[in-house]
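Below is one structure, written out as C-alpha coordinates, with a few remarks after it.
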Amino acid sequence: PQVRWLAPGPLRVLPGHFGVPRGERDRLRPPPGLPPPCARLVLRDLSLTWALFGGRDFGPGPA
10 PQVRWLAPGP LRVLPGHFGV PRGERDRLRP PPGLPPPCAR LVLRDLSLTW
60 ALFGGRDFGP GPA
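Going by the working numbering, the residue at position 17 of the sequence shown is 26; the numbering climbs one at a time, nothing skipped.
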(Lines of atoms letter the chains of each structure in order from A; the text may use other names.)
(Lines give C-alpha, C1' and ligand atoms only; values in the text may rest on other atoms or scores of the structure.)
Protein backbone atom coordinates (compact mmCIF):
# COMPACT_ATOMS: atom_id res chain seq x y z
CA PRO A 10 0.00 0.00 0.00
CA GLN A 11 0.99 3.60 -0.59
CA VAL A 12 0.07 6.65 1.45
CA ARG A 13 -0.20 10.09 -0.16
CA TRP A 14 0.37 13.03 2.20
CA LEU A 15 -2.32 15.68 1.57
CA ALA A 16 -1.29 18.37 4.07
CA PRO A 17 1.13 21.12 3.06
CA GLY A 18 4.63 20.72 4.48
CA PRO A 19 6.16 17.88 6.45
CA LEU A 20 4.65 16.01 9.37
CA ARG A 21 5.40 17.78 12.67
CA VAL A 22 5.97 15.61 15.72
CA LEU A 23 5.54 17.53 18.97
CA PRO A 24 7.64 16.09 21.80
CA GLY A 25 5.62 15.40 24.92
CA HIS A 26 2.22 15.74 23.14
CA PHE A 27 1.06 12.33 24.37
CA GLY A 28 1.49 11.47 28.03
CA VAL A 29 3.41 8.41 29.10
CA PRO A 30 1.30 6.05 31.24
CA ARG A 31 2.51 5.54 34.79
CA GLY A 32 2.67 1.79 35.38
CA GLU A 33 0.15 -0.80 34.30
CA ARG A 34 -3.56 -0.08 34.34
CA ASP A 35 -6.70 -2.00 33.47
CA ARG A 36 -7.32 -1.29 29.78
CA LEU A 37 -11.04 -1.97 30.16
CA ARG A 38 -11.52 0.81 32.70
CA PRO A 39 -12.06 4.37 31.47
CA PRO A 40 -9.36 6.98 32.03
CA PRO A 41 -9.60 8.99 35.24
CA GLY A 42 -11.66 12.16 35.01
CA LEU A 43 -14.48 10.76 32.86
CA PRO A 44 -18.01 10.81 34.31
CA PRO A 45 -19.62 7.48 35.25
CA PRO A 46 -21.50 5.77 32.39
CA CYS A 47 -25.30 5.86 32.13
CA ALA A 48 -25.41 2.21 31.08
CA ARG A 49 -23.01 -0.69 30.67
CA LEU A 50 -22.74 -2.95 27.63
CA VAL A 51 -20.61 -6.10 27.59
CA LEU A 52 -19.50 -7.59 24.26
CA ARG A 53 -18.84 -11.31 24.36
CA ASP A 54 -18.04 -11.99 20.71
CA LEU A 55 -17.14 -9.44 18.06
CA SER A 56 -16.20 -9.79 14.41
CA LEU A 57 -14.79 -6.78 12.60
CA THR A 58 -14.44 -6.37 8.85
CA TRP A 59 -12.50 -3.33 7.69
CA ALA A 60 -12.74 -2.57 3.98
CA LEU A 61 -10.38 -0.04 2.39
CA PHE A 62 -11.19 1.26 -1.06
CA GLY A 63 -8.93 3.03 -3.55
CA GLY A 64 -10.02 5.83 -5.80
CA ARG A 65 -9.38 9.36 -6.99
CA ASP A 66 -11.46 11.34 -4.51
CA PHE A 67 -8.82 14.05 -4.04
CA GLY A 68 -8.07 14.94 -7.64
CA PRO A 69 -5.83 13.52 -10.34
CA GLY A 70 -2.93 11.33 -9.42
CA PRO A 71 -2.17 7.72 -8.64
CA ALA A 72 -4.66 5.97 -6.40
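Every residue gets a Cβ at the ideal spot worked out from N, C-alpha and C, and that includes glycine.
How long is the line joining the alpha carbons of residue 24 and residue 15, rounded to whole angstroms? 23 Å
Among 62, 38 and 32, which residue has its Cα nearest to the Cα of residue 49? 38
Could you work out which residue in 35, 40 and 18 is closest to residue 28 when comparing CA atoms only? 40
Inter-residue spacing [alpha-carbon to alpha-carbon] between residue 45 and residue 57: 27 Å
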